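Asker: This is the structure I have questions about; it appears just below.
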Amino acid sequence: MAKEDLTTDSKPVDSFIFNLGMADVIRLTMFGTLISVSRFVFHFPIGLPGHTSVYWMGLLILGKGLIPKFGAGTIMGIVSGLLAVVFGLGKEGPLLAFKCIVPGALLDILAILFFKKLESIWVGVIIGALISWSKLLTSIVLGVILDIPMVFLVMGFAYATLLHIVFGAAGGVLAAILLKRLKPRLAASWQT
Amino acid sequence: MTFNRRIVVGILVLVLVAGGAFLLEHMAKVQLSRNGRLVPVIQDSKIIAYLDAGTIRQLSQQERELRPGQDNSNNHSEVSLSFMLGSTGVVDYQYIEVSGVGNSKDFKLNPGDIEDIALSASSNHHTFALVNRAEGNRVMIQKVAKVYVAN
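One line per chain: the protein sequences are A and B, in this order. Per the numbering used here: the first sequence = residues 764 to 955. Per the numbering used here: the second sequence = residues 49 to 199.
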């Protein structure tokens, strides 16, 4: 009887949102915050589009790899998006949140397609590059919505794509290496 | 589908994305240049800048801020040809040749002729026209397609 009560009591906590427990959501919030803070702190004036993808996509994949549940990427995206709007990063205003949510949501889908094996270097390369590119595509869609001159959207699209792919892939590789080392250590305490 | 096959498909998708982006950019440039939505400024057979209606509006705003009290102080979508040329880095030239979309007439303008000439973004937000301010903003070319700078 006592056991039954415990199970009943723990149910709402186990599925706080997207079938994720409260502890997982708090951890994902931490990753989302790290993404925004890293973008704020490590924004180098090197003039290379997409260089933030190294740590942005790296942290997204790392978070998803450590909490491999559906919706983890989306939650990190929502948190980092909201914080980016609050910090005033970017020039898109509140629409900036979509630039963070889209890669997170895509990560959730791609992780399923690759059997959630995010610790594989090749999976890191592919997923990192694709979610980084999705960020670029979202920027362009936002540019069209905000009526930014066509010149700025069309010119250098290929170059920006190439750099987003390269930097995203680099972030994915870093995340895969970190996941290989962290996952066995955190498996007991983090994965429920 | 096995895991390894998915990896191969993923790599192929990445290659297609990168290649497709180059193709898409090239196609967009050709298509938009053809209908006057993206106008190349050519000097020494090289494209030195691209213009569109949005750029004209932004240049117009800059010109109003830098040169208050000019003819275009009330027009938010018009920039003088001389200001546009200066912003693209053109200083010395023999003449400017502006051509329009389709069969419209080309205009050859000497440095002394361009003072009253302006570029005006159309209200449909996509193209811009060549107008003569001295003649009450008479439209010389409805949709500008190319600006050629001869040294």
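Every residue gets a Cβ at the ideal spot worked out from N, C-alpha and C, and that includes glycine. Just so we're clear, the structure is a prediction, and the values are computed from it rather than from any experiment.
Nearest chain A C-beta to B/Arg54 closer than 7 Å, yes or no?
Answerer: On the second sequence, residue 54 of chain B is found 6 positions in, with the first residue counted as 1. Yes - at least one Cβ of chain A is within 7 Å of the one on B/Arg54.
Asker: Along the beta strand (DSSP E) that carries B/Val201, what are the first and last residues, could you check?
Answerer: Nothing about residue 201 of chain B can be reported from this structure: the residues present for chain B run from 49 to 199 only.
Asker: Output the distance between the C-alpha atoms of A/Lys943 and A/Ile890, rounded to the nearest integer angstrom.
Answerer: By 1-based counting over the first sequence, the position of residue 943 of chain A is 180. By 1-based counting over the first sequence, the position of residue 890 of chain A is 127. Each residue's alpha carbon lies about 16 Å from the other.
Asker: State yes or no: is the beta carbon of B/Glu126 nearer than 7 Å to at least one beta carbon in chain A?
Answerer: Sequence index remark: in the second sequence, residue 126 of chain B carries index 78 (1-based). Chain A, which has no Cβ nearer than 7 Å to the Cβ of B/Glu126, makes this no.
Asker: According to the neighbour-count rule (16 or more other Cβ atoms, all chains shown, within 10 Å of its Cβ), is A/Ile809 buried or exposed?
Answerer: For the purposes of this step, residue 809 of chain A is taken as the residue at position 46 of the first sequence. Exposed is the call here.
Asker: From the DSSP output, which residues share a beta bridge with B/Lys156?
Answerer: Start at 1 with the first residue of the second sequence, and residue 156 of chain B comes out as number 108. Looking at the DSSP assignment, B/Lys156 forms a beta bridge with B/Glu145.
Asker: Can you grab the Cα-Cα spacing for the pair A/Val886 / A/Ser895, in whole Å?
Answerer: Residue 886 of chain A sits at position 123 when you count from the first residue of the first sequence. Residue 895 of chain A sits at position 132 when you count from the first residue of the first sequence. Cα-Cα distance, rounded: 14 Å.
Asker: So, does the CB of B/Gly58 fall closer than 7 Å to a CB anywhere in chain A?
Answerer: By 1-based counting over the second sequence, the position of residue 58 of chain B is 10. Chain A contact via Cβ: present.
Asker: Closer than 7 Å by beta-carbon distance: list the chain B residues that pair up with A/Phe850, in chain order.
Answerer: Reading the first sequence from its first residue, position 87 is the one you call residue 850 of chain A. The contacting residues do not exist; A/Phe850 stays about 26 Å from chain B at best.
Asker: Return the chain-ordered ranges of every alpha helix (DSSP H) run that is complete within the segment 794 to 852 of chain A and spans a minimum of 4 residues.
Answerer: Runs found: 816 to 829, 835 to 850.
Asker: If you draw a straight line from the alpha carbon of B/Phe70 to that of A/Arg948, how long is it in whole angstroms?
Answerer: Here residue 70 of chain B is taken as the residue at index 22 of the second sequence, counted from 1. Here residue 948 of chain A is taken as the residue at index 185 of the first sequence, counted from 1. So the alpha carbons of these two residues sit roughly 43 Å apart.
Asker: Would you list the residues sitting across from B/Arg53 in a DSSP beta bridge?
Answerer: As a working note, residue 53 of chain B is residue 5 in the second sequence. The partner list for B/Arg53 (beta bridge, DSSP) is empty, contrary to what the question assumes.
Asker: Indicate whether at least one CB of chain B lies closer than 7 Å to the CB of A/Pro866.
Answerer: Locating residue 866 of chain A in the first sequence gives position 103, counting from the first residue. No, no contact with chain B.
Asker: Is DSSP giving B/Val89 helix, strand or coil here?
Answerer: By 1-based counting over the second sequence, the position of residue 89 of chain B is 41. Strand, per DSSP.
Asker: Does at least one heavy atom of the ligand MN sit under 6 Å from the Cβ of A/Ile894?
Answerer: This structure does not include the ligand MN; it has no bound ligands of any sort.
Asker: Go ahead and label B/Ser93 buried or exposed: buried means 16 or more other beta carbons lie within 10 angstroms of its beta carbon, across all protein chains shown.
Answerer: In the second sequence, counting from the first residue as 1, residue 93 of chain B sits at position 45. Exposed.
Asker: Could you please tell me which residues of the segment 94 to 106 of chain B, in chain order, have their CB closer than 9 Å to any CB of chain A?
Answerer: Taking 9 Å as the Cβ-Cβ cut-off against chain A, the residues of the segment 94 to 106 of chain B that qualify are Ala97, Tyr98, Leu99, Asp100, Ala101, Gly102, Thr103, Ile104, Arg105, Gln106.
Asker: Could you give the distance in angstroms between the alpha-carbon of A/Leu769 and the alpha-carbon of A/Asn782?
Answerer: In the first sequence, the residue the question calls residue 769 of chain A occupies position 6. In the first sequence, the residue the question calls residue 782 of chain A occupies position 19. Low local confidence applies: a pLDDT of 47 at A/Leu769 is under 50, so the model's placement there is unreliable, and no value is given.
Asker: Is it a yes or a no for the segment 143 to 162 of chain B touching the segment 185 to 197 of chain B, going by three-plus beta-carbon pairs under 8 Å?
Answerer: Yes: at least three Cβ pairs fall under 8 Å.
Asker: Chain B partners of A/Pro947, CB-CB under 7 Å?
Answerer: Locating residue 947 of chain A in the first sequence gives position 184, counting from the first residue. Result: empty, since nearest Cβ-Cβ is about 20 Å, beyond 7 Å.
Asker: Hey, could you find the ends of the alpha helix (DSSP H) A/Ile908 is sitting in?
Answerer: Counting from 1 along the first sequence, the entry for residue 908 of chain A is found at position 145. 884 to 908 is the extent of the alpha helix (DSSP H) around A/Ile908.
Asker: Examine chain B for any beta-carbon lying closer than 7 Å to the beta-carbon of A/Pro912, and answer yes or no.
Answerer: Numbered from its first residue, the first sequence carries residue 912 of chain A at position 149. Taking Cβ atoms only, chain B reaches closer than 7 Å to A/Pro912, which makes this a yes.
Asker: For chain B, is any of its Cβ atoms less than 7 Å away from the one on A/Ala892?
Answerer: Residue 892 of chain A sits at position 129 when you count from the first residue of the first sequence. With 7 Å as the cut-off, A/Ala892 counts as an interface residue toward chain B.
Asker: Applying the criterion that 16 or more other CB atoms from any shown protein chain within 10 Å of the CB defines a buried residue, is A/Lys832 buried or exposed?
Answerer: By one-based count along the first sequence, residue 832 of chain A stands at place 69. Buried is the call here.
Asker: Rounded to whole angstroms, what's the CA-CA distance from B/Asn180 to B/Asp164? Just pull it up for me.
Answerer: As a working note, residue 180 of chain B is residue 132 in the second sequence. As a working note, residue 164 of chain B is residue 116 in the second sequence. Cα to Cα, the separation comes out at about 6 Å.
Asker: Verify the CB distance criterion: does B/Leu62 have a CB-CB separation below 7 Å to chain A?
Answerer: As a working mapping, residue 62 of chain B is identified with position 14 in the second sequence. Yes, B/Leu62 counts as interfacial toward chain A.
Asker: Considering B/Met188, what are the terminal residues of the beta strand (DSSP E) in which it resides?
Answerer: Locating residue 188 of chain B in the second sequence gives position 140, counting from the first residue. 186 to 189 is the span of the beta strand (DSSP E), which, as asked, contains B/Met188.
Asker: Which whole-angstrom value describes the C-beta separation of A/Trp953 and A/Ile841, a residue pair presumed to lie in contact below a C-beta threshold of 8 Å?
Answerer: What you label residue 953 of chain A is simply residue 190 of the first sequence in a count that begins at 1. What you label residue 841 of chain A is simply residue 78 of the first sequence in a count that begins at 1. Wrong, their Cβ atoms sit about 20 Å apart, outside the cutoff.
Asker: Output the boundary residues of the alpha helix (DSSP H) element that contains B/Glu113.
Answerer: Here residue 113 of chain B is taken as the residue at index 65 of the second sequence, counted from 1. Here the alpha helix (DSSP H) through B/Glu113 covers 101 to 114.
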